[in-house]
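Protein sequence lines correspond, in order, to chains A and B. Per the numbering used here, residue 1201 is the first one in the first sequence, and the count goes up by one each step. Per the numbering used here, residue 22 is the first one in the second sequence, and the count goes up by one each step. Just so you know, even glycine gets a beta-carbon here, dropped at the ideal spot from N, CA and C.
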Amino acid sequence: MFRYILRRLLQMVLAFFGTTLIVYALMFAGQGDPIQALAGERPVTPAQRAYLTEKYHLDATGVGGFFYRYFDYVKSLLQGDLGQSLTGRQIGDILQAAWPVTLKLALIALAVAIIFGVSAGVVAGIRRASIFDNSTLVLTLLVLGIPTIVLAPIAQYFLGVKWQLFPPTAGSQPTFYALLLPGIVLGSLSLATALRLTRTSVAENLRADYVRTARSKGLVKRRIVTVHVLRNSLIPVVTFLGVELGNLMSGAIITEGVFNIPGVGFNLFRGIRTEDGPLVVGIVSVLVVVYLVSNLVVDVLYAVLDPRIRYE
Amino acid sequence: MTHATVEPTPASATPDGGHLLELKDLHVEFRTNEGVAQVINGVSYHLDAGETLAVLGESGSGKSVTAQAIMGILDTPPAFVRSGQILYRGQDLLTASEEQRRQVRGKEIAMIFQDALSALNPVFPVGWQIGETLRQRSGMSRGDARRRAVELMDLVKIPGAAKRIGDYPHQFSGGMRQRVMIAMALALDPKVLIADEPTTALDVTVQAQIMDLLADLRRDLNMAMILITHDLGVVAGVADRIAVMYAGRIVEHADVRALYKAPAHPYTKGLLESIPRMDVRGQELSTIKGLPPNLMRIPSGCPFHPRCPYVQQVCVDVVPHDLVLGDGRTSACHFAQEVRDDSAR
């Protein structure tokens, strides 16, 4: 297990450099004059231009120059300095403000998926072909069929504006209550997937041979379901939820956009729209790390849950 | 019509009360979307304390379903017990409450299954799984259950039991896994052990070891055993009596020696003749022609008649009763005596 984790960490280093390199290249490839982009509409004096050219090594041209600048960037990145966005703010500060909001939103969404998705999935799996099972099937298909970009404004309009059950937008310092509706909207997709996955897994495991063995041992039904069947059924579900948390942490561009939540996705979207190269690359670099770490955690968790998995 | 000279057995031929376990005219059907399959059609057999009954038959003959009906672990739906009685110490299990049946499972009647890899839970250590029965059923503490689990694993001759108690099922070889399964079944000192094809998934050499172990344990622990198998070779050294099943019926029921010497049902005769013999060289192996019947459309009369070399018009028209052939032998064939006399020759 230790060697497995070590190998995965080394793979993560490669993946990190690969992804940041690609994002860095894509973001700056299309730019004409980065110094003018930094200054915006204001004129740039020759002295300023010379200083910035010196500072960012813009005089080095071609592929060599590109890598020169990339390694410059990575060097400061590894020292914990994400650099400045084109608006002059420290990207580290932006993320520090945005991340707690996105994390809260992600945890609400995940809680919704676990509490409703997994438990309804267990019930549906046990009562296969019942009314409950069939109605959850229809509902989940409906949710899976509606894109967030449709679902979020509908929820916002009816629950937020028309019936005023929730605040329609979150604002700059969102409370838990303000994040609840966006969290549910964001979590509904994970909920539907988790429900289908749990349902299938439970139904399949209930038919497994080891359940027959557990019955022949004279165990009570409750124990057979809650210990033997659930322990096996939840292996794929936990794996899915782990990956899903990684996805949710990387921000929900649409949901955060619709509900005006100042999270990571919101800032990323703004960076893309305003062609703020340093901001986009900075956020994506951190997202890559978050995603890689969460995937590693899921893989280790998988091995812990299922002893048949051997990573040596 | 010579078959008329043999008298049919009345349904209540076996005396009540005497047997440890007794099945009476059991009927089980599977209700599926395609239709209703009559899987068990009037099976009756009995088991006395300390004896071994082998239930023999090919796949789909209903031998495993009968065992699961005894345990009360049939999957309902699709399986439904339509009628009959399963008497354990004179009490009908089929009319008992689910809680009473649960108490019987494991403690009175225990069962081991064909494929120990899938029959054991993959995510729990074997010691935990053996101990679970003790903790849940006898209220043993964790430590006691663990110690007893090691003893049980020693009993079934798993080398280094104390060290292997924390291992998972997939870390054992096929034979060792089946031993774990046996240890688990023995945890509560059952009076009856049902072994459902315990050696089918194993290598031939390991098969013999497991059969020897089962025979030894049965004798040492004074259990009664129902050994379900399709392998005639496995039966000979272990069983006292044999019940041969075909299409959900017991077609022949006899003492092992008597049955091997002279089978009295064409199906049993066919089975015995299909075993390769060391002493006859260069002879083509005989087979039973045709396939077992579709249980949704069981043939009229004797269900074996489409495949039977002795077939007559009466076989197509009349369902044969169990015919008593003396010394507790029965055969559900209109021509049982002819078949036996043929076989004895």
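Any 3 or more C-beta pairs closer than 8 Å across the region 346 to 360 of chain B and the region 328 to 337 of chain B: Contact between the region 346 to 360 of chain B and the region 328 to 337 of chain B is present, because at least three Cβ pairs lie under 8 Å.
Residues that DSSP places opposite residue 76(B) in a beta bridge: Within the second sequence, residue 76(B) is the residue found at index 55, counting from 1. Answer is 249(B) and 264(B), bridged to residue 76(B).
Using a beta-carbon distance below 8 Å, is residue 85(B) in contact with chain A? Translated into the one-based positions of the second sequence, residue 85(B) becomes position 64. No, because no Cβ of chain A sits closer than 8 Å to the Cβ of residue 85(B).
So what does DSSP say about residue 54(B), is it helix, strand or coil? Here residue 54(B) refers to the residue found at position 33 of the second sequence. Coil, per DSSP.
What is the rounded straight-line gap between the Cα of residue 161(B) and the Cα of residue 237(B)? Here residue 161(B) corresponds to residue number 140 of the second sequence, with the count starting at 1. Here residue 237(B) corresponds to residue number 216 of the second sequence, with the count starting at 1. Going by the C-alpha atoms only, they are around 27 Å apart.
Consider the Cβ of residue 1329(A): report whether some Cβ of chain B lies at a distance smaller than 8 Å. Position 129 of the first sequence, counted from the start, is the residue given in the question as residue 1329(A). Not flagged as an interface residue toward chain B: residue 1329(A), since no C-beta distance is shorter than 8 Å.
Thinking C-alpha only, which one of 1341(A), 1221(A) and 1471(A) is nearest residue 1275(A)? The residue labelled residue 1275(A) in the question sits at position 75 within the first sequence. Closest by alpha carbon: 1221(A).
How about residue 231(B) and residue 196(B): are their beta carbons less than 8 Å apart? Locating residue 231(B) in the second sequence gives position 210, counting from the first residue. Locating residue 196(B) in the second sequence gives position 175, counting from the first residue. Note that the C-beta distance between residue 231(B) and residue 196(B) is below 8 Å.
Are the C-beta of residue 1419(A) and some C-beta of chain E separated by less than 8 Å? Of the protein chains in this structure, namely A and B, none is chain E.
Secondary structure of residue 326(B), DSSP reduced to three states: The sequence position of residue 326(B) within the second sequence is 305, counting from 1. Helix, per DSSP.
With respect to the alpha helix (DSSP H) encompassing residue 1469(A), which residues constitute its N-terminal and C-terminal limits? Residue numbering aside, residue 1469(A) sits at position 269 when the first sequence is read from its first letter. Run containing residue 1469(A): 1464 to 1473, per the alpha helix (DSSP H) assignment.
With a threshold of 7 Å on Cβ separation, who are the neighbours of residue 1384(A) within its own chain once the five nearest residues in sequence on each side are excluded? As a first step, residue 1384(A) must be located in the first sequence, where it is residue number 184. The beta carbon of residue 1384(A) sits closer than 7 Å to those of 1312, all from its chain and outside the five residues before and after it, given in chain order.
Please give the ranges of any beta strand (DSSP E) in the region 70 to 133 of chain B, keeping only runs that are unbroken, at least 3 residues long and fully inside the region. The qualifying runs are 73 to 77, 100 to 109 and 130 to 133.
Contact set between residue 1423(A) and chain B, taken where Cβ atoms lie within less than 8 Å: Stepping through the first sequence from its first residue, residue 1423(A) is reached at position 223. Within 8 Å Cβ-Cβ: 157.
Just to confirm before moving on: does the CB-CB distance between residue 1498(A) and residue 1439(A) stay below 8 Å? As a first step, residue 1498(A) is located in the first sequence; it is residue number 298 there, counting from the start. As a first step, residue 1439(A) is located in the first sequence; it is residue number 239 there, counting from the start. In this structure, residue 1439(A) lies closer than 8 Å to residue 1498(A) by Cβ.
Can you look up residue 271(B) in the DSSP assignment and give me helix, strand or coil? Here residue 271(B) refers to the residue found at position 250 when the second sequence is read from its first residue. Three-state DSSP puts residue 271(B) in a strand.
For a test of the three-state rule: what should DSSP assign to residue 1364(A), helix, strand or coil? The count along the first sequence starts at 1 and reaches residue 1364(A) at position 164. Of the three classes helix, strand and coil, the one that applies to residue 1364(A) here is coil, per DSSP.
Would you grab the beta carbon distance between residue 1374(A) and residue 1464(A) for me? Rounded to a whole angstrom, and I think it's under 8 Å. Position 174 of the first sequence, counted from the start, is the residue given in the question as residue 1374(A). Position 264 of the first sequence, counted from the start, is the residue given in the question as residue 1464(A). Under the criterion of beta carbons closer than 8 Å, residue 1374(A) and residue 1464(A) do not qualify as touching, at roughly 13 Å.
Given a cut-off of 8 Å, decide if residue 167(B) and residue 209(B) are closer than it, judged by their beta-carbon atoms. Locating residue 209(B) in the second sequence gives position 188, counting from the first residue. Locating residue 167(B) in the second sequence gives position 146, counting from the first residue. Annotated as distal: residue 209(B) and residue 167(B), with beta-carbon spacing of 8 Å or more.
Which residues, in chain order, does the region 181 to 193 of chain B contribute to contact with chain A at a C-beta distance below 7 Å? Taking a C-beta cut-off of 7 Å against chain A, the contacting residues of the region 181 to 193 of chain B are 189 and 191, listed in chain order.
Rounded straight-line distance, which links the Cα of residue 1256(A) to that of residue 1268(A): Taking the first sequence and counting its residues from 1, one reaches residue 1268(A) at position 68. Taking the first sequence and counting its residues from 1, one reaches residue 1256(A) at position 56. C-alpha separation (whole angstroms): 9 Å.
Delimiting residues of the beta strand (DSSP E) encompassing residue 1378(A): On the first sequence, position 178 is the one that residue 1378(A) refers to. Annotation for residue 1378(A): no beta strand (DSSP E) segment contains it, though the alpha helix (DSSP H) segment containing it runs 1376 to 1406.
Between which two residues does the alpha helix (DSSP H) carrying residue 1346(A) extend? Residue mapping note: residue 1346(A) aligns to position 146 of the first sequence, counting from 1. Looking at the DSSP string, residue 1346(A) is not in any alpha helix (DSSP H), and its letter there is neither H nor E.
Cβ pair residue 64(B), residue 101(B) closer than 8 Å: In the second sequence, counting from the first residue as 1, residue 64(B) sits at position 43. In the second sequence, counting from the first residue as 1, residue 101(B) sits at position 80. It is not a contact, given that the beta carbons lie outside the stated cut-off.
For a contact meaning CB atoms closer than 9 Å, what does residue 73(B) contact in chain A? Residue 73(B) sits at position 52 when you count from the first residue of the second sequence. Near residue 73(B) there are no residues of chain A at all, since even the closest Cβ is about 19 Å away, more than 9 Å.
Using 8 Å as the limit for Cβ to Cβ distance, is residue 1452(A) near chain B? What you label residue 1452(A) is simply residue 252 of the first sequence in a count that begins at 1. No, residue 1452(A) does not count as interfacial toward chain B.
Indicate the three-state DSSP secondary structure (helix, strand or coil) for residue 31(B) in the structure shown. Locating residue 31(B) in the second sequence gives position 10, where the first residue counts as 1. Note that residue 31(B) scores 38 on pLDDT, short of 50, meaning its location in the model is unreliable; the coordinates nonetheless yield the value given after this. Note: residue 31(B) maps to coil in three-state DSSP.
Tell me whether residue 1453(A) sits in a helix, a strand or coil according to DSSP, three-state version. By one-based count along the first sequence, residue 1453(A) stands at place 253. Residue 1453(A) falls in the helix class under three-state DSSP.
At a CB-CB cut-off below 9 Å, which residues of chain A make contact with residue 141(B)? For the purposes of this step, residue 141(B) is taken as residue 120 along the second sequence, with counting starting at 1. Against chain A, a Cβ distance below 9 Å from residue 141(B) picks out 1409, 1410 and 1413.
Starting from residue 136(B), find everything on chain A with Cβ-Cβ shorter than 7 Å and list it in chain order. Position 115 of the second sequence, counted from the start, is the residue given in the question as residue 136(B). Correct list: 1409.
Which value, in whole angstroms, describes the spacing of the CA atoms of residue 1445(A) and residue 184(B)? As a working mapping, residue 1445(A) is identified with position 245 in the first sequence. As a working mapping, residue 184(B) is identified with position 163 in the second sequence. It is roughly 39 Å from the alpha-carbon of residue 1445(A) to the alpha-carbon of residue 184(B).
Among 300(B), 85(B) and 55(B), which one has its Cα closest to the Cα of residue 250(B)? The sequence position of residue 250(B) within the second sequence is 229, counting from 1. Closest option to residue 250(B), judged by alpha-carbon separation, among 300(B), 85(B) and 55(B): 85(B).
What separation, rounded to the nearest whole angstrom, lies between the Cα atoms of residue 1320(A) and residue 1336(A)? Against the first sequence, residue 1320(A) aligns to sequence position 120. Against the first sequence, residue 1336(A) aligns to sequence position 136. Spanning the two alpha carbons is a distance of roughly 8 Å.
With a 10 Å radius around its C-beta and 16 neighbouring C-beta atoms as the bar for buried, classify residue 194(B) as buried or exposed. As a first step, residue 194(B) must be located in the second sequence, where it is residue number 173. Under this definition residue 194(B) is an exposed residue.
Hey, quick one: how far does the beta strand (DSSP E) through residue 216(B) stretch, first residue to last? Residue 216(B) sits at position 195 when you count from the first residue of the second sequence. Segment 213 to 217, the beta strand (DSSP E) holding residue 216(B).
Contact with chain A by residue 178(B), beta-carbon distance below 8 Å: Here residue 178(B) refers to the residue found at position 157 when the second sequence is read from its first residue. Chain A contact via Cβ: absent.
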